[in-house]
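A quick write-up on the structure given underneath.
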Amino acid sequence: MQLAGKVAVVTGGAQGIGRALCERFAAEGLKGLVIADLDLPAAENAAAACSGLPIRCDVSNEADVQSLVSRTLAEFGAIDLFCSNAGITVKGGLEASNADWQRMWDVNVMSRVYAARAVIPAMLNQGSGYLLQTVSAAGLLTEIGSAGYAATKHADLAFAEWLAIEYGRSGIRVSCLCPMAVSTAMIDHSDSIHQYLNVSAISVEDVAESVVRGIEAEQFLILPHQHVAEYFQLKAQDFDRSNRGMQRLREKMLRRRRAA
Ligand SMILES: NC(=O)c1ccc[n+]([C@@H]2O[C@H](COP(=O)([O-])OP(=O)(O)OC[C@H]3O[C@@H](n4cnc5c(N)ncnc54)[C@H](O)[C@@H]3O)[C@@H](O)[C@H]2O)c1
332 MQLAGKVAVV TGGAQGIGRA LCERFAAEGL KGLVIADLDL PAAENAAAAC
382 SGLPIRCDVS NEADVQSLVS RTLAEFGAID LFCSNAGITV KGGLEASNAD
432 WQRMWDVNVM SRVYAARAVI PAMLNQGSGY LLQTVSAAGL LTEIGSAGYA
482 ATKHADLAFA EWLAIEYGRS GIRVSCLCPM AVSTAMIDHS DSIHQYLNVS
532 AISVEDVAES VVRGIEAEQF LILPHQHVAE YFQLKAQDFD RSNRGMQRLR
582 EKMLRRRRAA
């Protein structure tokens, strides 16, 4: 899909990857851009930089997502691209609280269900539409240090795959953006695991460029870090070998954490 003349909504658009998507999409000559975020002042700031319409929205609240979609349709008459980008991570394994698991489930997974429910009927009426889900390489591989992030990002990818199969023949395209580390506020520089991931961190501008190319090509998987495709292939060929490799990596990261 070409972005020129289209209407796009980006959740979590106030900062990080979402803001870079807004700026890069705006450069393609959109007809309309909505920047949705929990943080309205930050969304207003981002909107001023790329002529967007800022809307406060908590993506984990279905009524907020429905109102985001209806306000966008009222303002611009269509939604061609809906980017479910807002996401959170909370560290921890078995000790992570149920409340933290629930928060990640609501923001990383249910938000995508609410968005699809709200926007797909309008896209079916238009005969076309595009959903971009910001997943993570953690959705294809895993996230050492956060069980909840690994599980919810797998669920995000699984739901996107289901949508692509269910609605692909009805003109709806789906892409999953699956980067490894990206230099944003999500990276915790005080944590040795994140420090390790940060070595291969790329910029938000590089991610946004990959997204525009991926949407043009209508690719299901958008992988700004090319080696994620190789790791995913290795895992598909030999899951046990992949798990052993991840166990070694985990040991290495924990040694660094202990030494810090
Ligand atoms: N940074 C990375 O290394 C990395 C790597 C892979 C995937 N991701 C994914 O990219 C997406 C964006 O992350 P980022 O790194 O730009 O993070 P970020 O923290 O810089 O930005 C996230 C934005 O989402 C907003 N947000 C958070 N909860 C929200 C909610 N309930 N409703 C609406 N907005 C909400 C925040 O206000 C913020 O503006 C997330 O889905 C994340 O999981 C990030």
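Here my numbering runs 331 ahead of the position in the sequence shown, where the first position is 1.
Ideal Cβ placement from N, Cα and C applies to all residues, glycine included.
Please state if the CB of residue j and the CB of residue i are separated by a distance shorter than 8 angstroms.
i: L369; j: S382; result: no
i: V535; j: G347; result: yes
i: M441; j: V421; result: no
i: R443; j: Q464; result: yes
i: S438; j: S391; result: For clarity, residue 438 is Val in the given sequence; the question names Ser instead. Going by C-beta atoms, V438 is nearer than 8 angstroms to S391.
i: D411; j: V338; result: yes
i: P510; j: A539; result: no
i: D487; j: G460; result: no
i: A374; j: I366; result: yes
i: S521; j: A532; result: no
i: L554; j: A560; result: yes
i: I496; j: M332; result: no
Between the options, which lies nearest to residue i when the distance is taken from Cα to Cα?
i: T473; options: H485, E582 and Q526; result: H485
i: R587; options: L412, L528, Q568 and L565; result: L528
i: S401; options: Y445, A491 and N376; result: Y445
i: D537; options: R355, L565, A377 and M454; result: R355
i: H589; options: V559, A560, S523 and F551; result: Note that residue 589 is Arg in the sequence shown, not His. Of the listed residues, the one whose Cα sits closest to R589 is S523.
i: G360; options: A351, L371, G424 and A335; result: A335
i: L352; options: H558, A377, F570 and L371; result: A377
i: L425; options: I475, D395 and Q564; result: I475
i: S541; options: L508, P452 and Q526; result: L508
i: Q457; options: A495, A427 and A409; result: A409
(request) Quick one: residues with CB closer than 5 angstroms to any heavy atom of ligand 1, in chain order, please. (result) G343, A345, Q346, G347, I348, D368, L369, D370, D389, V390, S391, A417, G418, V438, T465, S467, P510, A512, V513, T515, A516 and M517
(message) Can you confirm whether the region 469 to 486 touches the region 431 to 440 when touching is taken to mean that 3 or more C-beta pairs between the two stretches lie within less than 8 angstroms?
(response) yes
(message) Pairs of beta-carbons, one from the region 401 to 412 and one from the region 371 to 381, closer than 8 angstroms: are there three or more?
(response) no
(request) Would you be able to state if there are at least three C-beta pairs under 8 angstroms between the region 411 to 420 and the region 332 to 344? (result) yes
(message) Pairs of beta-carbons, one from the region 490 to 510 and one from the region 570 to 587, closer than 8 angstroms: are there three or more?
(response) no
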